[in-house]
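Protein sequences, first through last, are from chains D and C. The opening residue of the first sequence carries number 1 in this note's numbering; numbering runs sequentially from there. The opening residue of the second sequence carries number 1001 in this note's numbering; numbering runs sequentially from there.
2 protein chains.
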Amino acid sequence: MRDVARHAGVSVATVSRVMSGASNVAEATQSRVQSAVDALDFVPSPAARAINSGRTYMIGALVPTLDHAIFSRFLDALELTLADHGFSLVVATTNDDPEREAQRALDLLNLGVEGFVVSGITRSATFEALIKRHKTPVIATSYFDPNSETPTIGYDNGTAARQALHHLVDMGHSDILVLSGPTWNNDRTKARLDALTGCTQARLTVREIPVTVAAAADHVATIPAHITALLCLSDVLAQGALHGLRRCGLEVPEDISVIGIDDLPSSHSLWPPLSSVHLPVRRMGACAGETLAQWIETGERAAPINLETRLEPRASVRRITPA
Amino acid sequence: MRDVARHAGVSVATVSRVMSGASNVAEATQSRVQSAVDALDFVPSPAARAINSGRTYMIGALVPTLDHAIFSRFLDALELTLADHGFSLVVATTNDDPEREAQRALDLLNLGVEGFVVSGITRSATFEALIKRHKTPVIATSYFDPNSETPTIGYDNGTAARQALHHLVDMGHSDILVLSGPTWNNDRTKARLDALTGCTQARLTVREIPVTVAAAADHVATIPAHITALLCLSDVLAQGALHGLRRCGLEVPEDISVIGIDDLPSSHSLWPPLSSVHLPVRRMGACAGETLAQWIETGERAAPINLETRLEPRASVRRITPA
DNA sequence: ACGGTGTATGAAACTAGTTACATGTGTCAA
DNA sequence: TTGACACATGTAACTAGTTTCATACACCGT
């Protein structure tokens, strides 16, 4: 900038004024500075600006993975909303590992993020200490708990699981196999599972497997004969189950009913169309972005928001008369 | 930092040394500074560090959308690789709009990104001018062109389209409907389409529709009777087509064959399993990350990389004997 | 006792901007 | 003609750290 000032025969203050939307700089001076800027290919340093304004306009998002429709939809909506508020989104993946989450949080803090959006409410002590120290706003998503210390913007995973279960029960099913992803370090899955156990209307058998199409497809080969319905705690598992059942020569829903949770965009165009519980992840992303932007601008801590999940009954669940 | 120095009874230089991995600071002084840091909850300013080092360790990614498996897989791999090299990923979506891409690029530049990963090779003049000025490394992906001015790391979209076409031709199909997404502002789709027109082994009818399951499902209701195969330029369209054909009472592949391009993870577990051309997007993400990191560290311009696409023949294409 | 060497530390100059305050000039009204 | 005021601009003090260079002191060998 000193160079530009010298080249234009003005002071650095004047160059600074021109660079940041000149308020009261003479027309002539303005163009003289602009020429110098062009001649020297001058670009102002973002870091230097940030040091003065104290702002970076960056938000960090910590998600288990980007390679899953549920998180990428969420992030898409989040990014769109944040962009509207002048914020940019820095993404880091945690693979559901709290230690890695804490490490990546530190990285983002060292970048200068002004706030965080994270998945779930379980965080390592390191992470907790970090955000307390930096006084960084954090919003937890994919979860709803009005009493959580960090504001949650999401849905009640227990309710979602119960909606799926009740649908199966309503349709006459009582021998149900629950296909779950790992509950280790995953409070969303744990909440879904916890809501199911203790249910007295049906006999539930729970199986914990990796959340992949292949694992679910392989697993359904070993389903006990008395099972009439499959409750998959995520649509990816349900898709795998559908595939695996077909491979075993079983018809859905004639031989066995299947329901999922997530309602991925592709689920309704499967064959048979997959019954599922819709999770409002786009809305969640927009809400989280809006709320976090507000929090940062006003300094007022965000309030938790509960978004409703919705049962989407489709053809993969059949009504049966109990034996 | 001045406060910490005063509190510990040392100079700012010493505090600075302690904060950045003390090399030669006396044990006693070190702990005295640490106490002061803890007492005052001091956290160093990333902006001030950046201003001195001239580094931000941020990479910007510009993609059409996050809400599409092909881009989110790519970004997942990219983020993982960049993290290994100490870089963080800032994501911005462009919706395939060059003007918006340029705007978002400017935003990211004002954040201080040290490099860009973009989709395709078509950029607005504004964008071009911007990166020339800032001398920011840019890598174009999802495309391969060894002669492009910006290095490309990706696959040949024309080859991918031809692989799909040749498979259909090999299986005896000559009356083919091509379902394409919009070519407007999308050089990847355009390249695929261009590779097909001029083909003499089959009669091609091209239809351009939005890239959604619903649009494809609706469209297949109007397929001319003589068509024996559907070539979808993306798996999302193929999935929609599969769904729509079923709705029309047509069997795949008995009544009509369908092939896609992308090979989304879910495609092989559809019914029927979808034949497709596999695009190595994970590898592309890893390569792009690796290469860009190298470029930034060494200053040596990256070389283009061509990744092979691969035909995945599955059950959705049937061999027929030409009438 | 003296000089050489090494380590620990501080003062001040640096990174690249922004901004408060002072100053100079020109216009207009009293 | 002079005071008041607006406007344009420069000076210098800020933002928050890093780094160079100088210095002080301890230790060791002669």
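Positions of the beta carbon are idealized from the N, C-alpha and C atoms, including for glycine.
query: Touch check for the segment 1067 to 1075 of chain C and the segment 1037 to 1056 of chain C: three-plus C-beta pairs under 8 Å?
result: The segment 1067 to 1075 of chain C, when compared against the segment 1037 to 1056 of chain C, does not touch it at the 8 Å Cβ threshold.
- prompt: Applying a beta-carbon distance threshold of less than 7 Å, which residues of chain D neighbour C:L1245?
  reply: Mapped onto the second sequence, residue 1245 of chain C falls at position 245. By Cβ distance, chain D contributes nothing, its closest Cβ being about 11 Å from C:L1245, past 7 Å.
- request: Can you tell me which of D:V206, D:F127, D:M171 and D:P280 puts its alpha carbon nearest to the alpha carbon of D:L343?
  value: With chain D covering only 1 through 323, there is no way to say anything about residue 343 of chain D.
- request: Using a Cβ-Cβ cut-off of 8 Å, state whether C:R1319 counts as contacting chain D.
  value: Here residue 1319 of chain C is taken as the residue at index 319 of the second sequence, counted from 1. No, C:R1319 does not count as interfacial toward chain D.
- prompt: Using 8 Å as the limit for Cβ to Cβ distance, is C:I1066 near chain D?
  reply: Sequence index remark: in the second sequence, residue 1066 of chain C carries index 66 (1-based). The sequence given here has Leu at residue 1066 of chain C, not Ile. Yes, its Cβ sits closer than 8 Å to a Cβ of chain D.
message: Can you tell me where the beta strand (DSSP E) holding D:I139 begins and where it ends?
response: The residue labelled residue 139 of chain D in the question sits at position 139 within the first sequence. Run containing D:I139: V138 to T141, per the beta strand (DSSP E) assignment.
Residue range of the beta strand (DSSP E) that includes C:G1115: Translated into the one-based positions of the second sequence, residue 1115 of chain C becomes position 115. Element bounds for C:G1115: G1115 to S1119.
query: Going along chain D, which residues have a C-beta under 8 Å from C:Q1239?
result: If you number the second sequence from 1, residue 1239 of chain C lands on position 239. Ordered by position in chain D, the residues that pass the 8 Å Cβ test against C:Q1239 are S266 and S269.
message: For C:L1230 and C:D1084, I'd like the C-alpha separation in whole angstroms.
response: Counting from one through the second sequence, the residue named residue 1230 of chain C turns up at place 230. Counting from one through the second sequence, the residue named residue 1084 of chain C turns up at place 84. Rounded to the nearest angstrom, the gap between the Cα atoms of C:L1230 and C:D1084 is 42 Å.
query: Within 10 angstroms of its Cβ, does D:S23 collect 16 or more other Cβ (buried), or is it exposed?
result: By 1-based counting over the first sequence, the position of residue 23 of chain D is 23. So D:S23 ends up on the exposed side.
task: Would you check if the distance between the CB atom of D:S257 and the CB atom of D:T228 is smaller than 8 Å?
output: Mapped onto the first sequence, residue 257 of chain D falls at position 257. Mapped onto the first sequence, residue 228 of chain D falls at position 228. Closer than 8 Å, so yes.
- request: Kindly indicate if chain D contains any beta-carbon less than 8 Å away from that of C:V1090.
  value: Within the second sequence, numbered from 1, the residue matching residue 1090 of chain C stands at position 90. Taking Cβ atoms only, chain D reaches closer than 8 Å to C:V1090, which makes this a yes.
field: Cβ neighbours of C:E1308 in the same chain (closer than 8 Å, five flanking residues each side left out)
entry: Taking the second sequence and counting its residues from 1, one reaches residue 1308 of chain C at position 308. If we look at C:E1308 and ignore the five residues flanking it on each side, its Cβ neighbours are Y1155 and P1280.
task: Kindly indicate if chain C contains any beta-carbon less than 8 Å away from that of D:S324.
output: No answer is possible for residue 324 of chain D: it lies beyond the span of chain D, which begins at 1 and ends at 323.
message: Quick check on D:T56 - is its C-beta less than 8 Å from some C-beta in chain C?
response: The count along the first sequence starts at 1 and reaches residue 56 of chain D at position 56. Yes, because at least one Cβ of chain C sits closer than 8 Å to the Cβ of D:T56.
message: Nearest by alpha-carbon distance to D:I320: which of D:T222, D:N185, D:A215 and D:L168 is it?
response: By one-based count along the first sequence, residue 320 of chain D stands at place 320. In this structure, D:L168 is the residue among D:T222, D:N185, D:A215 and D:L168 with its C-alpha nearest to the C-alpha of D:I320.
Nearest neighbour of C:H1173, chosen from C:P1253, C:S1180, C:S1088 and C:V1117 [CA to CA]: If you number the second sequence from 1, residue 1173 of chain C lands on position 173. Of the listed residues, the one whose Cα sits closest to C:H1173 is C:P1253.
field: Endpoints, the beta strand (DSSP E) within which D:V91 is located
entry: Within the first sequence, the letter at position 91 stands for residue 91 of chain D. Looking at the DSSP string, the run of the beta strand (DSSP E) that includes D:V91 is S88 to T93.
message: On a Cα-Cα basis, can you pick out the residue from C:T1056, C:R1073 and C:R1002 that is closest to D:T65?
response: Numbered from 1 along the first sequence, position 65 holds the residue referred to as residue 65 of chain D. Of the listed residues, the one whose Cα sits closest to D:T65 is C:R1073.
query: Could you give the C-beta distance for D:T152 and D:D145, rounded to a whole number, given that I count them as a contact under 8 Å?
result: Residue numbering aside, residue 152 of chain D sits at position 152 when the first sequence is read from its first letter. Residue numbering aside, residue 145 of chain D sits at position 145 when the first sequence is read from its first letter. Contact holds; Cβ gap of about 5 Å.
field: Cβ neighbours of C:S1031 in the same chain (closer than 8 Å, five flanking residues each side left out)
entry: Here residue 1031 of chain C corresponds to residue number 31 of the second sequence, with the count starting at 1. Contacts found: none.
- prompt: Do D:T141 and D:M284 come within 8 Å of each other at the CB atom, strictly closer than that value?
  reply: Counted from its first residue, the first sequence places residue 284 of chain D at position 284. Counted from its first residue, the first sequence places residue 141 of chain D at position 141. Cβ distance < 8 Å, so D:M284 and D:T141 count as in contact.
- prompt: Would you say C:P1313 faces chain D, with C-beta separation under 8 Å as the test?
  reply: What you label residue 1313 of chain C is simply residue 313 of the second sequence in a count that begins at 1. With 8 Å as the cut-off, C:P1313 does not count as an interface residue toward chain D.
message: Closer than 8 Å between beta carbons: that is the criterion. Which residues of the segment 1211 to 1234 of chain C meet it against chain D?
response: V1213 and A1217
message: Using DSSP's beta-bridge definition, name the partner residues of C:I1051.
response: One-based indexing of the second sequence puts residue 1051 of chain C at position 51. Note: C:I1051 sits in no beta bridge, so no partner.
- prompt: So, is D:R104 buried or exposed, given that buried needs 16 or more other C-beta atoms within 10 angstroms?
  reply: Sequence index remark: in the first sequence, residue 104 of chain D carries index 104 (1-based). With 16 or more other Cβ atoms within 10 Å, it is buried.
message: Considering only the alpha carbon of each residue, which of C:C1232, C:P1098 and C:L1080 lies closest to D:N95?
response: Here the question's residue 95 of chain D lines up with position 95 in the first sequence. Residue C:L1080 is the option with its Cα nearest to D:N95.
- prompt: If contact means a Cβ-Cβ distance below 7 Å, which residues of the segment 1115 to 1146 of chain C contact chain D?
  reply: Near chain D, meaning a CB-to-CB distance below 7 Å, the residues of the segment 1115 to 1146 of chain C are R1133 and H1134.
- request: Identify which residue in C:V1025, C:A1026, C:D1107 and C:N1052 has its Cα closest to the Cα of C:I1059.
  value: Taking the second sequence and counting its residues from 1, one reaches residue 1059 of chain C at position 59. For C:I1059, the nearest C-alpha among the options comes from C:D1107.
- request: Could you spell out the range, first to last residue, of the beta strand (DSSP E) harbouring D:I176?
  value: For the purposes of this step, residue 176 of chain D is identified with residue 176 of the first sequence, where counting begins at 1. Here the beta strand (DSSP E) through D:I176 covers D175 to S180.
- request: Could you spell out the range, first to last residue, of the beta strand (DSSP E) harbouring C:R1310?
  value: Locating residue 1310 of chain C in the second sequence gives position 310, where the first residue counts as 1. It spans R1310 to E1312 - the beta strand (DSSP E) in which C:R1310 sits, taken as one unbroken run.
query: Counting only runs that start and end within the segment 1210 to 1278 of chain C, where is the alpha helix (DSSP H) found for 4 or more residues in a row?
result: The alpha helix (DSSP H) runs lying completely inside the segment 1210 to 1278 of chain C and spanning 4 residues or more are 1213 to 1219 and 1235 to 1247, given in chain order.
query: Along chain D, which residues have their Cβ under 7 Å away from the Cβ of C:N1110?
result: Translated into positions along the second sequence, residue 1110 of chain C becomes position 110. Near C:N1110 (Cβ distances below 7 Å), the residues of chain D are P46.
- prompt: Three or more C-beta pairs closer than 8 Å, one from the segment 1239 to 1250 of chain C and one from the segment 1201 to 1218 of chain C: is that the case here?
  reply: yes
field: Contacts that D:S20 makes with chain C (C-beta to C-beta distance below 7 Å)
entry: As a working note, residue 20 of chain D is residue 20 in the first sequence. Within 7 Å Cβ-Cβ: nothing; D:S20 doesn't reach chain C, min ~11 Å.
query: What residues match up with C:L1062 in a beta bridge as DSSP calls it?
result: Along the second sequence, read from residue 1 onward, the residue named residue 1062 of chain C stands at position 62. C:A1092 and C:V1118.
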